[in-house]
């Protein structure tokens, strides 16, 4: 028995490497002795102050430093905030990927784009199936979400079982496949669960999230009401069930369907090939064929429901789409809610569409993919965990779930709101945060991964606010005499013709600063530059109340 | 009779110079023969792509060109989007200002800041009172709004009466003063109204906006529920009634009140001096005195309800406030809704406050200041205008009001959704848009008004996205030989030490481009610069998939 006792007192470590206190970038390591598994590997989208950044991926230094122990990535579903960092992270942490069929299909599309398909082992897992990775066994459990094939995980370790819901909702009447496997949650709960890591996204919302199927009924009504116009529906490319329902309604009303937008085309192709989407024959037509059908016999399914400036719908609204222009015979339906931060962009697109005479419908044609409070309570009550570790959401969402857990009788000391990097050690006897591993945002800009840091961002902010003034002058290398300039060039500061008074005076100010330095024998370039910066900065602030970046460049002639 | 007939066939011109199809920048000219009056003179806040811009004011070229006919500004209420451009516009269009007492008090604060108080004639007008300006008579009618002393206007012209609601709601139980003067709307309606210009902000919302007084009851409940913590309430500085209700509840619960944030202090001072706010003795204390009272005996009213980064609440949340720090004994109440575009900033502040342990309440402690659909219907039904001209709102809001007007029996041809600059000519017989006057956004950046235009903004965008690479080289003026450089300096592009490979190779690329030009005898600086731009741009794109601004500077030595 001694050995057993010793074993059971070893802790399971739960280490979120991202995704806590933020939306996106979900990635969590589970560690027991010589085994590490990683659940999800998502990206997040740049904050407003990350100028010019395309996307943000997690710092996986901890995984790199323990690479020999990392057994694989377990992916819960195919959304960007759960898979998007894979192509970057795999370059450094190349371990096998485990996921359900559609999720893997979407991952494979992504790897193909990055020419990584041949380097990475992949294994498709079925619901109910388990995989063994080192000291872990991981079981995939069917859930519902705004993308099909979403899984919760039961993670079996010698220290106990952790149930990780992934992103989920409870849909008793899903469009495709089965309802969430509540019986299995209950069975595992009966066995005794150490910790529940449950989706917090909608933890502030009372009640239940509606079934995806309710949106299908709304489409039926809207198609009935708009029999005489073309119908354009914007939604999330990855919401295959939504697309299925649009196609079903279109077919019912004898309309042909065009799919527009690169990511929409790609997901529909993958979903159709893998059997997740069934499209009646002769329903889908090419965009080129649109002109062969009357408006009231067509539907366009498009990307751009978030007002993204380069997406198909925004291009249509802005008259920049090569094939489709909007007019009074169009009904445009937003089958989506704006993601926080996108409200204004979405409103701008709506206004543009209305201005072109289209009828625009943007309320109540969407349901969330995340569990509300009553669903969260249901899962807690089936799983009956000892410890609660709310995941997926900003701090306010985690806090809201913690409140629910407390109401359900989990004591305050057993509820852990973690920060990314925290090492939470769990045993049947106790749980505590015992340390911290390095985490952070790695910024991706074009081909550069991590080469844009705080200094570059600060410079971009500065340039964005007030522009730049560049002062160039040539010094004689031997005599330290001014032989050329100072010339001043500005960008993003103020539009001036060469002769403008402000720039003329600025040149005089710089000249005086340089003269004063050189006449006092100061020829140290650092000092000369800071004199120029100070003098010109003061002058410009006094005249304009602006602080452009001032960049003196001295050339040795 | 001949003369009369001729007179009545002359049209009243309604010319919005801003504020249509946008939020903010409300300003409308009314013109009849030799008389022009201007209703409101607001600013708008910069759009996301107006980098570095502080605020936006309307182009008033039309008023400047007709200055001898402009009789005055009539201001409906004291919000920035109705008064904010006055200090800028008055410099060029210096005509008298007419407004109610509190509105004028707020305007005077603004003029003081700009040292304009002595230059501008001002007249305080009472509700029910009329002023005569040229061929116009303008009557001020009591309404309700989220700032006290808001007025609707009845504008009497020889061509007929226009009723302009300003921003309004119907509050049967206002906190201060009377309910909206519905009887007067009805009386004027009985006389026969040519056109109604009605607030559209909430035209998409069904039902009635709740009374401001309901928020007071909410404060009572919240103070009861949070008896043991300090209470911090963020709201709009200009909502004097809200502040009054907070003070009332604080007094009831024996709490002392601290006012924090510059604009909050200024509005409360003005409102108190003018008799719009009554503060029980010994209720207001200075921020320095806070430490003399237990937390549960204090309330802090603060700015920052929109997540503005420099406002008092954001500084408290971010630990940057010199006097107040947030902790678990604080309850923070947002008595506000996020204005579209501010959602994310508000959420960030909420998360920061929660992280510090504060209890945060941000739902249902606010009512709107704008009329919903039923109130809009009420006003139309009392006024019974011949023509409907929806105002105040984005295109979707104007469109929503147009729909309401149609439902109420106004024929489609008599409803006008105008664009800024449209000249709408109205007579009893007909109404039509007959022309266009110049309008536009004038950007204010620091002291500069209108000196930042599209080129500067485009440059700021470019700099913000990918930064700048500056290439400097010295050419011998006589021989066109390269005597210095090329040197490359970058900012906001990528953080590099001098030795980095990318910059080293970039220098070689530029060198080759310059050599190739000079060896072919091309010494035209324009051509030389574009060769450098092309060569370096291609190289950088290939290596990084980024397009920094490339700025070659050639010095003649």
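Protein chains in written order, with the UniProt record's numbering: chain A, 1 to 557; chain B, 1 to 557.
Every residue gets a Cβ at the ideal spot worked out from N, C-alpha and C, and that includes glycine.
Look at residue 156/B: its C-beta is not under 9 Å from any C-beta on chain A. Around the beta carbon of residue 424/A, 16 or more other beta carbons sit within 10 angstroms, so the residue counts as buried. The CB of residue 483/A comes closer than 7 Å to the CB of 557 in chain B, given here in chain order. Taking C-alpha positions only, residue 99/A is separated from residue 374/A by approximately 28 Å.
Residues are counted here when their Cβ sits less than 7 Å from a Cβ of chain B; for the segment 456 to 479 of chain A these are 456, 459, 460, 463, 464, 465, 466, 467, 468, 470, 472, 474, given in chain order.
Burial is judged here by how many other beta carbons sit within 10 angstroms of a residue's own beta carbon; residue 67/A has fewer than 16 and is exposed.
Listed along chain B, no residue sits closer than 9 Å to residue 424/A by beta-carbon distance, the nearest being about 18 Å off. Taking C-beta atoms as the reference points, residue 192/A and residue 161/A count as a pair closer than 9 Å.
Contact of residue 446/B with chain A by beta-carbon distance below 7 Å involves 544, 545, 546. Beta-carbon to beta-carbon, residue 303/B and residue 312/B are separated by about 5 Å, close enough to satisfy the 8 Å threshold. Residues of the segment 344 to 371 of chain A that bring their beta carbon within less than 7 Å of a beta carbon in chain B comprise 344, 347, 350, 351, 354, 355, in sequence order.
Identification of residues in the segment 223 to 253 of chain B having a C-beta nearer than 9 Å to some C-beta of chain A yields an empty set. Counting along the chain, no beta strand (DSSP E) covers residue 295/A, and no H or E run does either.
The three-state secondary structure of residue 76/B, taken from DSSP, is coil. Put simply, of 445/B, 441/B, 414/B, 421/B the residue whose alpha carbon is nearest the alpha carbon of residue 431/B is 414/B. The DSSP-derived three-state label of residue 25/B is coil. Judged by beta-carbon spacing, residue 296/A lies within the 9 Å limit of residue 228/A, meaning their Cβ atoms are closer than that value.
The closest CA to that of residue 150/A, considering only 40/A, 470/A, 411/A, is found on 40/A. Beta bridge pairing from DSSP links residue 469/B with 490/B, 550/B. Judged by their CB atoms, residue 63/B and residue 91/B are not nearer to each other than the 9 Å cut-off. With the rule of 3 Cβ pairs closer than 8 Å, the segment 117 to 134 of chain A does not count as touching the segment 50 to 60 of chain A. According to the DSSP secondary-structure assignment, residue 122/A is paired through a beta bridge with 97/A. Not a single C-beta of chain B is nearer than 9 Å to the C-beta of residue 382/A. Contiguous alpha helix (DSSP H) elements confined to the segment 212 to 252 of chain A occur at 213 to 225, 240 to 252, taking only those with 4 or more residues. The residues 219, 233, 235, 257, 299, 301, 335, in chain order, have a CB closer than 8 Å to that of residue 246/A in the same chain once the five nearest residues on each side in sequence are set aside. Below 8 Å, too few C-beta pairs join the segment 435 to 447 of chain B and the segment 196 to 213 of chain B to call them touching: fewer than three. Contact annotation: the segment 391 to 401 of chain A touches the segment 16 to 23 of chain A, with at least three C-beta pairs closer than 8 Å. Comparing alpha-carbon positions, the option among 454/B, 493/B, 420/B, 386/B lying closest to residue 163/B turns out to be 386/B. Contact with chain B is found for residue 395/A, since one of that chain's Cβ atoms lies less than 9 Å from the residue's Cβ. Per DSSP, residue 156/A lies in no alpha helix (DSSP H) segment; the continuous beta strand (DSSP E) that holds it begins and ends at 151 to 157. Counting of Cβ neighbours within 10 angstroms places residue 271/B among the buried residues, the total reaching 16 or more. The C-beta of residue 553/A comes closer than 9 Å to at least one C-beta of chain B. When secondary structure is reduced to three states using DSSP, residue 204/B falls in the coil class, being assigned neither helix nor strand.
In the same chain as residue 34/A, and ignoring 5 residues on each side of it, the C-beta atoms closer than 8 Å to its own belong to 69, 134, 135, in chain order.
Taking residue 389/B as the centre and dropping the five residues before and after it, the same chain places the C-beta of 195, 197, 416 closer than 6 Å to its C-beta, in chain order. Per DSSP, the unbroken beta strand (DSSP E) holding residue 164/A starts and ends at 160 to 164.
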